[in-house]
Amino acid sequence: MTYQLETAQHPETLRRVAIDPVSRVEGHGKVTILLDDQNKVHQVRLHIVEFRGFEKFIQGRPYWEVPVMVQRLCGICPVSHHLAASKALDVIVGAKKLTATAEKMRRLMHYGQMLQSHALHFFHLCSPDLLFGFDSDVTKRNIVGVAMAHPETAKRGVLLRKFGQEVIRVTAGKRVHGTGAIPGGVNKALTVAERDELLKDIYHIVQWSRDAVHLIQKVHTQDPGLYNSFGIFRSNFMSIVGNNGDLDFYHGTLRARDDNGKIIFDHVDYQQYNQYIEEEVRPWSYMKFPFFKSLGKDHGWYKVGPLARVQNCNQISTPFAEHERKEFVDYAGGSPMHAPLAYHWTRMIEMLHAAEVIKELLHDDDLLGSDLVVEGERQMEGVGVIEAPRGTLFHHYQVDENDLITMANLIVSTTNNNQAMNEAIRHVARRYLHGHEVTEGLLNHIEVAIRAFDPCLSCATHALGKMPLEVELVDPEGRIVHSLSRS
Amino acid sequence: MSHTFTLDGKVIPFVDGQTIIQAASAAGVFIPHLCYHPEFKPHGSCKLCTVKVNGRHTASCTMRAAPGMVVESETEEINAERRALTQMLFVEGNHFCPSCEKSGNCQLQATAYHLGMMSPHYDHFFPNRAVDASHPEVLLDFNRCILCSLCVRASRDVDGKNVFGLSGRGIKTHLIVNAKSGQLADTDFTLDDKAAQVCPVGVILKKRRGFAVPIGERKFDKAPISETADTTEGR
Ligand code: SF4
Ligand code: FES
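First to last, the protein sequences are chains A and B. Under this note's numbering, read the first sequence as residues 1290 to 1776, first letter to last. Under this note's numbering, read the second sequence as residues -4 to 230, first letter to last.
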C-alpha cells in the first residue's frame, strides 16, 4: 500500500501522456503519464475535476431546500444525494425513527436507483468491453454494437434501467430530480395503481438480473488470467452494513476490513464518521484523498462500492443474491478478491439483490400507508450516509438556530475511491504502456480500469461512448511529440 | 348600470367603476398579471397586464372599463412584450426553481409557462442578496422578490403594521423590512398576517416546510394559470 509512481523523482526530464477526457466515464477526467527517455512509466495520476463549490453554495440556505438542491450534484445518481441529505436532515429535525411507510418508500426509491444505475453502468458502459474484448474495434465497442451482436442482452439492459427509473418516478415524484424524501419522512406513499404497475414487471426483472449475474460470472471465470489480475492492487475496504451484518444500501453502521478481510472497525455510528476518517488534500488533485485515521495516510486508504460491499457483509437477505454471493466468495477462495474487474460481477449481484428487495417491498402494505412524517427535538448537526451505487456517500451539515446551513461536508463515492482508482491505473500503465506510441489498445486498458469503479464524474450525456478522446505525448518543453485522437 | 366592451372579440359585461382586469376575470377571461390582487388597490407597476385599448397600450389593472372599448390582450405582439418583461424579472433576481418551495405554486413561473418563455434570454444579474432568517416562523428570501408591493400593501392596509416597504428608485428599488435592525424578527410580523399570504413568488415562506406537497401535485401543475380561476388562492 505505497504510492509508487504517484510522484516521479525528476519530472522535468520526462514526457507527459495526457488522456483527456476519458471516454465513456461520465463527465471529465484526465490521466497524465510521465515517461522517461526510455519510455518507462514514471508517474501516473488520475485527475478528476470535481465541483467543490457546492458546499459553499448551500451555506446560508434554509435546510429544507437541501435534499432537492443537492440532486444537481450528479446527473447519474441524484437519488443518492437526495436520500443522503434527507437522512442528515432527519437528524436535524429530531426524527429518530421514521414511520414504516416513510422508511420503506425511501428504501424502494433507493433500490430502484441501484437497479437503474447498475444496469446503466453494466449494459451501456461496460458490456461492450466485456463482450467484445478491450482491444476490439472501437467503432463497434459501444451499446449499438452490443445491440447488433447481442440484441437480447442490449434490450434487457434498456428495460432493466427503465424499470428502475419507473420505481424512482413513483417514489420520488419524477424520474429525475424528484422531491419524495423530505426531512423527517416522505411526501407521498405508493398508490395501489402504481404498485400494481410495478408488480407486472418485477418477476422478469428479477430473472433478468439473475441472468446478468451469470453472464458476467461466465465472462470472468472463462478468462481468470485477465480478470483476476488486471489492474490489481490490495487495499482496505469499507461500507455500511445493516442489521446482523446484512448487505444494506440504505442504512446501517460503518464497517471496515483490511486487505486480508480482518475487521478494522465495526458497528460504527456514522454520526461519528470524522473520528474514523480523515481527508487529505494533495496539491496536484482537486479531489481529496480520504483514509482511516487509525492507519494513517500511507496505509489507511480504502475502496468502496460493490466489490467492497459484497465482501464486507456477512450475508445477503434475499435468496437468489445470497446464492450468488456464496458462489463469488467460493471463487475468491476464502480471502477477499481485489481484482478491479470483479467489481462488475459484484455489481450484478447487487443489482439482483435490489430487484429482489423491490419485489419484497411491493408486497408490503406499509407502502400504501398515510403516516408520512415525524419530527422531534431539533438538533444543530446531522450526518446522513447511504450506500450509493458507486459506494459510500457522506452528507454532513450544521444548521444554525435560524434554520440556515452553516457548514456542509460531502464525501462522495468517487472521492472514497480516489486512491484506489489511481492505484489501478498505475498498475495498468506499468503493465501495458511501453514504447513511444500510444495505441488505442493502451488507452482502452486504462479506461477499462477506471470504468470498473464506475466513477461518478458529473453527467451522463456521453453514455454512448461517442465522447472524443485525445491523447498527447508531450516533451519536457511542452511540445507535442505525438498525438492520437478519435471521436 | 351594466355595459359591455370587447376583449379579443369577446363581449365582456362590466359595471361602472370596474377595471378591465376586474371585468375580464369576473367573466372568466384571464389577463396575465403579477402585481394585481383582487383584494388590493392596484399598483400598476409590473405591466404584465398590459393590453391595447383602441390601439393604445395601457395597464388593464388600472384602466377603468368603458362602454364600447375594443381591447386586445392575447395577441402575439402583446405576449412578446409580456414575455420580455417576464424574462427581465427572471434575470434581475435569483430564481432557482428546482429547489424553490414555491415551485408549482409560483405565479411568476406559471406566467412564464403561459407566455411560452423557453429561456431567460437576457444575461443574469446574479445579485447578491442575503436571506433574512431571523424570524422564528417565516423566512424572507429576497433573491426572488419581483417588487410587486403586495406585501407592502397587505401589511399596511390590512394588517395595519407597515412591516414592509419599497426603497430606492429604478433598478435600485428593493424590498426593506421596517425595523431599525432591518430584520423581520424585530417587527411585530406574524405568520397569520395577511402580508404572509400574498407573495406571488417564493420570498415570504413559512419556515421548515419544504416540499410537503410533491412537485406535480401543486396548483399550477394541475391547471395552467390561464385556467386557474383564483390565481391568488393557496398562497
Ligand atoms: S416580497 Fe413578494 S409580495 Fe413582497 S414585493 Fe416582493 S414579490 Fe411582492
Ligand atoms: S398587474 Fe397590472 S401592472 Fe402589474
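Built from N, CA and C at the ideal position, the CB exists for glycine as well.
Are the region 1388 to 1395 of chain A and the region 1701 to 1709 of chain A touching by the rule of at least three beta carbon pairs closer than 8 angstroms? In the pairwise beta carbon analysis, the region 1388 to 1395 of chain A is classified as not touching the region 1701 to 1709 of chain A: fewer than three pairs are separated by under 8 angstroms.
Run of the beta strand (DSSP E) containing B:H52, from where it starts to where it stops: Where B:H52 is concerned, the enclosing beta strand (DSSP E) stretches over R51 to A54.
Please compile the residues from chain B whose C-beta is within a distance smaller than 8 angstroms of the C-beta of A:R1396. Result: empty, since nearest Cβ-Cβ is about 18 angstroms, beyond 8 angstroms.
Return the CA-CA distance between A:F1522 and A:K1507, expressed in angstroms with no decimal places. Looking at the two C-alpha atoms, the distance is approximately 23 angstroms.
Taking DSSP's pairing of strands, which residues face A:L1277 in a bridge? Limits of chain A in this structure are 1290 at one end and 1776 at the other, which puts residue 1277 of chain A out of reach.
Tell me the DSSP secondary structure of B:I15 in three-state form. Three-state DSSP puts B:I15 in a helix.
In the DSSP assignment, find the unbroken alpha helix (DSSP H) run with A:E1676 in it and report its ends. Per DSSP, A:E1676 belongs to no alpha helix (DSSP H); it is in the beta strand (DSSP E), E1670 to A1677.
Is the beta carbon of B:C44 within less than 7 angstroms of some heavy atom of ligand 2? Because some heavy atom of ligand 2 lies under 7 angstroms away, the Cβ of B:C44 counts as near it: yes.
Which residues DSSP lists as bridging B:K5, in chain order: B:K5 has B:L2 as its beta-bridge partners, per DSSP.
Under the three-state reduction of DSSP, which class applies to B:F25: helix, strand or coil? B:F25 falls in the coil class under three-state DSSP.
Give, in chain order, every residue of the region 188 to 208 of chain B whose Cβ lies closer than 9 angstroms to some Cβ of chain A. Flagged, chain order: L200, K202, R203, R204, G205, F206, A207 and V208.
Please determine whether the Cβ atom of B:F159 lies at a distance below 7 angstroms from any heavy atom of ligand 1. B:F159: yes, Cβ under 7 angstroms from ligand 1.
Could you check if A:A1436 belongs to the surroundings of ligand 2, using beta carbon to heavy atom distance under 7 angstroms? For ligand 2, not one heavy atom lies less than 7 angstroms from the Cβ of A:A1436.
Ligand 2 heavy atom lying under 7 angstroms from the CB of A:Y1400: A:Y1400: no, Cβ never under 7 angstroms from ligand 2.
DSSP on A:P1625, reduced to helix/strand/coil? Here A:P1625 sits in coil by DSSP.
Beta carbon proximity, B:E211 to chain A, threshold 8 angstroms: The residue you asked about is not Glu; residue 211 of chain B is Gly in the sequence shown. So, interface residue.
Rounded to whole angstroms, how far is the Cβ of B:G63 from the Cβ of B:F121, which I believe are closer than 8 angstroms? B:G63 to B:F121, Cβ: 48 angstroms. No contact.
Check: B:L134 C-beta below 7 angstroms from any heavy atom of ligand 4: In terms of ligand content, the structure shown lacks ligand 4 and carries ligand 1 and ligand 2 instead.
Buried or exposed for A:S1369, going by 16 or more other Cβ atoms inside 10 Å? By the 10 Å Cβ count, A:S1369 comes out buried.
Whole angstroms are fine: how far does the CA of B:L43 sit from the CA of B:H16? The question names His, but residue 16 of chain B is Ile in the sequence shown. Separation of B:I16 and B:L43 (C-alpha to C-alpha, rounded to the nearest whole angstrom) is 11 angstroms.
Closer than 8 angstroms by beta-carbon distance: list the chain B residues that pair up with A:N1691, in chain order. The answer, in chain order, is A128 and S129.
Please report how far the alpha carbon of A:V1481 lies from the alpha carbon of A:I1647, in whole angstroms. One C-alpha to the other measures close to 15 angstroms.
Could you tell me which residues DSSP pairs with A:S1528 in its beta bridges? According to DSSP, which records beta bridges pairwise, A:S1528 is partnered with A:R1544.
Hey, does A:H1370 have any beta-carbon neighbour from chain B nearer than 8 angstroms? No, no contact with chain B.
Show which residues of chain A have a CB atom less than 9 angstroms away from the CB atom of B:A60. What B:A60 touches in chain A: nothing, since even the nearest Cβ is about 43 angstroms away.
Quick check: the Cα distance between A:V1311 and A:M1358, rounded to an integer number of angstroms? The predicted position of A:V1311 is uncertain, since its pLDDT is 39 and thus under 50; a value taken from the coordinates is nonetheless stated next. Counting only the Cα atoms, A:M1358 lies some 28 angstroms from A:V1311.
Can A:G1446 and A:F1412 be called in contact, C-beta distance under 8 angstroms? Contact flag set, yes.
Measuring CB atoms only, is the region 1660 to 1676 of chain A touching the region 1373 to 1388 of chain A, in the sense that at least three cross pairs come out at less than 8 angstroms? Yes, since at least three Cβ pairs between the region 1660 to 1676 of chain A and the region 1373 to 1388 of chain A fall closer than 8 angstroms, the two stretches touch.
Tell me the DSSP bridge mates of A:G1680? Beta-bridge pairing by DSSP links A:G1680 to A:A1677.
Element boundaries [alpha helix (DSSP H), containing A:F1742]: E1729 to F1742 is the extent of the alpha helix (DSSP H) around A:F1742.
With a cut-off of 8 angstroms, does the C-beta of A:K1755 fall near any C-beta of chain B? In this prediction, A:K1755 scores a pLDDT of 36, lower than 50, which makes its location untrustworthy; no coordinate-derived value is stated.
By the 10 Å Cβ neighbour count, where 16 or more other Cβ atoms means buried, how is B:K104 classified, buried or exposed? The residue you asked about is not Lys; residue 104 of chain B is Gln in the sequence shown. Flag for B:Q104 reads buried.
So is A:T1542 in contact with chain B if we call contact Cβ pairs under 8 angstroms? With respect to chain B, the C-beta atom of A:T1542 has no partner C-beta closer than 8 angstroms.
Mind checking whether the beta-carbon of B:C146 lies closer than 7 angstroms to any heavy atom of ligand 2? B:C146: no, Cβ never under 7 angstroms from ligand 2.
Can the beta-carbon of B:G88 be found closer than 8 angstroms to that of B:N49? Not a contact, by the Cβ cut-off of 8 angstroms.
Any beta-carbon of chain B closer than 8 angstroms to the one on A:S1351? Per the sequence shown, the amino acid found at residue 1351 of chain A is Pro instead of Ser. By this cut-off, A:P1351 is an interface position.
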